[in-house]
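Report on one structure; see the data block that follows.
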Amino acid sequence: MINYDDEKLAICLCEDCPTYLKPLFPKRDGVFCAVGKVKEISYKKGCLCKMCPLYSDYGLRGSFFCIEGPAD
Ligand code: SF4
Ligand code: SF4
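Our numbering numbers the first residue of the sequence shown as 8 and each following residue consecutively.
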């Protein structure tokens with residue numbers, strides 16, 4: 008289980024992900040592995056989570072947390 012905080016947001020790679028659709032987010036958002044689905048994102052165009060340091064640090068599994076829901 009991973010929780011959202013600003014320190015993790017600073018590390019999160021979502022902002023650079025093609026699935027993220029940057030123009031839809033007026034301010035930086037992410038750590039979807041903790042917060043889960045966001046209504047603005049629905050089409051999968053790739054997921055950077057497996058390259059994120061937090062993915063291995065927290066032993067996460069799966070991908071596309073912004074569409075599929077949060078990590079277990
Ligand atoms: S959770 Fe994965 S697919 Fe969604 S924005 Fe982040 S890196 Fe991209
Ligand atoms: S694992 Fe994915 S959603 Fe979680 S902080 Fe890293 S890039 Fe963001």
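For glycine and all other residues, C-beta sits at the position ideal for the given N, C-alpha and C.
Predicted model, so just to flag it, every value in this text is computed and none were measured.
Assigned secondary structure, residue i (DSSP; H/G/I helix, E/B strand, else coil)
i     : result
Cys59 : coil
Cys24 : coil
Asp13 : helix
Glu47 : coil
Asp64 : helix
Lys52 : coil
Close beta carbons around residue i, own chain, < 8 angstroms, minus the five adjacent residues each side
i     : result
Thr26 : Ile48, Tyr50, Lys51, Lys52, Gly53, Cys54, Phe71, Cys73 and Ile74
Asp23 : Leu55
Own chain residues within Cβ distance below 6 angstroms of residue i, not counting five before or after
i     : result
Asp16 : Looking at the sequence shown, residue 16 is not Asp but Leu. Only Gly37 and Val38 meet the Cβ criterion.
Beta carbon of residue i nearer than 8 angstroms to that of residue j
i     : j     : result
Cys40 : Leu20 : no
Continuous alpha helix (DSSP H) stretch holding residue i: start and end
i     : result
Ala78 : Neither: Ala78 is in no alpha helix (DSSP H) and is coded neither H nor E.
Residues proximal to ligand 1 by C-beta, any heavy atom closer than 6 angstroms:
Leu20, Cys21, Cys24, Thr26, Tyr27, Phe39, Cys54, Leu55, Cys56, Ser70, Phe71, Phe72 and Cys73
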